[in-house]
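In full-length UniProt numbering, the protein residues as written are 1 to 255.
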């Protein structure tokens with residue numbers, strides 16, 4: 001529109017600059033087209049995807065520009081996936097970087113077949129992998145996998161200048177930032193009790209004494225801290241109830 005009347009098409013010359021506040025939103029809108037294409041192929045029975053029992057089939061997981069494509073249909077499915085990616089490239093101008101693309105087999109430690117690799121022209125790799133900070137493997141998370149989450153929490157704590165914060169300020173950081181770190185994990189896995197205890201212990205030590213987590217000064221138990229703060233209206237709580245609710249809400253069973 002120009003001066004209240006349509007004036008034809010406006011052809012862009014340079015596109016969006018990096019840092020433009022619109023770039024993130026527009027990228028999400030364009031990336032959503034690819035998700036819709038995969039969903040349409042799945043509902044039209046062009047793609048087989050991966051069966052999830054009563055939940056139907058799923059063929060992809062996408063978060064921004066991180067994409068995992070799932071297939072159990074063999075080489076024919078891979079050809080259709082490649083065709084969808086090429087069509088998406090033609091209509092949006094966004095190409096899939098095959099140099100950063102890997103093909104995985106569901107068998108732990110096994111490599112994909114040569115025919116599958118030749119179809120997609122990408123590299124092969126083995127499980128486990130990390131997607132959005134969460135380890136993905138053909139097994140339940142082991143001790144070393146949970147240690148990654150605990151180290152993330154500890155690294156975040158030690159980076160904060162807690163010596164310059166009041167007790168209330170540290171509590172706000174714990175509830176608003178630190179408690180959000182394991183949320184994605186809790187929606188997928190049921191956190192073992194020892195992991196919950198370790199994370200709650202780190203939160204407790206940071207609350208009462210600051211970033212020096214190797215020399216705790218508080219002698220109260222984690223449960224007593226949570227209860228006492230809750231009574232006073234400060235809002236401190238263990239992550240265990242959140243873990244149970246998130247895991248159960250996503251169809252989790254016994255682990």
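Even glycine gets a Cβ: it sits at the ideal position worked out from N, Cα and C. Every value quoted in this text rests on a predicted model; they were computed, and no experiment measured them.
- Residue pairing by DSSP puts residue 102 in a beta bridge opposite 123.
- Secondary structure of residue 177 (DSSP, three-state): coil.
- Rounded to the nearest angstrom, the Cβ distance from residue 195 to residue 149 is 7 Å, consistent with a contact under 8 Å.
- Counting other Cβ atoms within 10 Å of its Cβ, residue 88 reaches 16 or more and is therefore classed as buried.
- Counting of Cβ neighbours within 10 angstroms places residue 43 among the exposed residues, the total staying below 16.
- Assignment of residue 88 by DSSP, reduced to helix, strand and coil, places it in the helix class.
- Judged by DSSP secondary structure, residue 65 falls outside any alpha helix (DSSP H); it is assigned neither H nor E.
- Here residue 33 is not bridged, per DSSP, to any residue.
- Under the three-pair Cβ rule at 8 Å, the stretch 175-189 does not count as touching the stretch 115-127.
- For the options 70, 76, 75, 63, the alpha carbon positioned closest to that of residue 52 is the one of 70.
- The alpha-carbon of residue 167 is positioned some 12 Å away from that of residue 205.
- By alpha-carbon distance to residue 140, the top candidate from 93, 29, 188 is 188.
- The beta carbon of residue 66 is closer than 8 Å to those of 131, 132 in its chain, skipping five residues each way along the sequence.
- Look at residue 48 here: in three-state DSSP terms it is coil, with no helix or strand label.
- Residue state for residue 165 is assigned as coil, using DSSP reduced to three classes.
- In this structure, 171 is the residue among 171, 183, 146, 136 with its C-alpha nearest to the C-alpha of residue 207.
- Selection 78, 145, 153, 202 evaluated against residue 118 yields 78 as nearest (Cα-Cα).
- Within its own chain, the residues whose Cβ lies closer than 7 Å to the Cβ of residue 92, once the five positions on either side in sequence are excluded, are 30, 33, listed in chain order.
- Between the alpha carbons of residue 76 and residue 183 lies a gap of roughly 37 Å.
- Note that the C-beta distance between residue 116 and residue 98 is not below 8 Å.
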